[in-house]
Amino acid sequence: MISEERPLMNKIKLAILASGNGSNAEAIMKWAVTRKEVEVVCLISDKKKAKVLERALNFEVPPHYIKKESTDTRESYDQKILSVLNIYKPQWIILAGYMKILSKVFLEKFENRVVNIHPSLLPSFPGLDGYADALNSGVKVTGCTVHYVDEGIDTGKIIAQKEIQILPGDSLSDLKARGLLIENDFYPKTLEEILLK
Ligand code: GRF
Numbered sequence: 098m099i100s101e102e103r104p105l106m107n108k109i110k111l112a113i114l115a116s117g118n119g120s121n122a123e124a125i126m127k128w129a130v131t132r133k134e135v136e137v138v139c140l141i142s143d144k145k146k147a148k149v150l151e152r153a154l155n156f157e158v159p160p161h162y163i164k165k166e167s168t169d170t171r172e173s174y175d176q177k178i179l180s181v182l183n184i185y186k187p188q189w190i191i192l193a194g195y196m197k198i199l200s201k202v203f204l205e206k207f208e209n210r211v212v213n214i215h216p217s218l219l220p221s222f223p224g225l226d227g228y229a230d231a232l233n234s235g236v237k238v239t240g241c242t243v244h245y246v247d248e249g250i251d252t253g254k255i256i257a258q259k260e261i262q263i264l265p266g267d268s269l270s271d272l273k274a275r276g277l278l279i280e281n282d283f284y285p286k287t288l289e290e291i292l293l294k
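Quick note on numbering: the sequence shown equals residues 98 to 294 in the working numbering.
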């Protein structure tokens with residue numbers, strides 16, 4: 098007998114790694130609920146009090162805080178993350194304000210499937226504070242970059258970039274606020290391009 102039921106669609110499973118506020122993580126979870134082809138299967142944070150963990154709960158995405166012990170090396174910590182990911186079996190890892198550098202052990206498991214957003218037009222202003230570095234340098238235009246993650250600091254292959262204007266008199270918090278709004282729109286749109294098109 099031929100079944101009338103539609104075959105179960107295999108969704109593209111994403112795991113988010115984030116350390117802080119989580120506005121990008123939230124934007125991605127919001128986008129994912131509107132797309133039947135993708136699912137955010139879990140969210141992992143290295144910070145116990147990160148607001149992003151609450152945001153995950155609001156979207157019924159399982160939040161996991163994974164503690165880095167003082168005895169952990171980068172590799173042993175990444176192994177802890179990998180064992181949690183092994184429960185959910187994501188195909189893609191989405192970094193959204195994740196403040197740790199991923200080890201080779203981790204990246205080999207997800208080759209070309211780890212994506213990050215960085216708050217500058219890379220290769221300009223890599224590192225911890227792209228907005229502050231751009232503002233202090235006096236440039237009139239900065240931006241954000243979605244890129245694949247490799248073992249370097251913000252050195253992976255660029256996927257897409259979006260400009261952000263620096264206006265006369267902008268303070269760092271003005272620029273960050275305007276930049277984050279743009280990031281929150283641009284990151285899900287870029288994921289849509291690479292995952293669904
Ligand atoms: C963003 O500026 C992102 O580009 C950078 O870290 C910040 C995270 O912000 N990697 P949020 O936690 O997503 O609000």
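Quick reminder that beta carbons are idealized off the backbone N, C-alpha and C, glycines included.
For Gly119, same chain residues with a beta-carbon under 6 Å away, outside a window of 5 residues either side, are Lys148, Val149 and Arg152 in chain order. Spatial neighbours of Trp189 in its own chain (CB-CB distance under 8 Å, excluding positions within 5 residues in sequence) are listed in chain order as Ile109, Lys110, Leu111, Ala112, Phe207, Arg210, Val211, Val212 and Leu292. Annotation note: the stretch 177-204 contains the following uninterrupted beta strand (DSSP E) runs of length 3 or greater, listed N- to C-terminal: 189-192.
With contact defined as three or more Cβ pairs closer than 8 Å, the stretch 273-292 and the stretch 126-145 are in contact.
In the DSSP annotation of this structure, the continuous segment of the alpha helix (DSSP H) that includes Leu154 starts and ends at Lys148 to Asn155.
Relative to Lys254, the option among Ile184, Leu218, Glu280 and Ile261 whose CA is nearest is Leu218.
Only residues of its own chain outside the window of five on either side were considered, and among them Tyr162 and Lys164 have a CB closer than 8 Å to the CB of Lys145, listed in chain order. Your pair Ser116 and Tyr195 checks out as a contact, with CB atoms roughly 5 Å apart and the cut at 8 Å. Residue pairing from DSSP places Asn213 in a beta bridge opposite Leu192 and His244. The beta carbons of Phe222 and Lys259 sit about 14 Å from each other, so the pair does not count as a contact at 8 Å. Ligand 1 never approaches Cys139 closely enough for any of its heavy atoms to be under 7 Å from the residue's Cβ.
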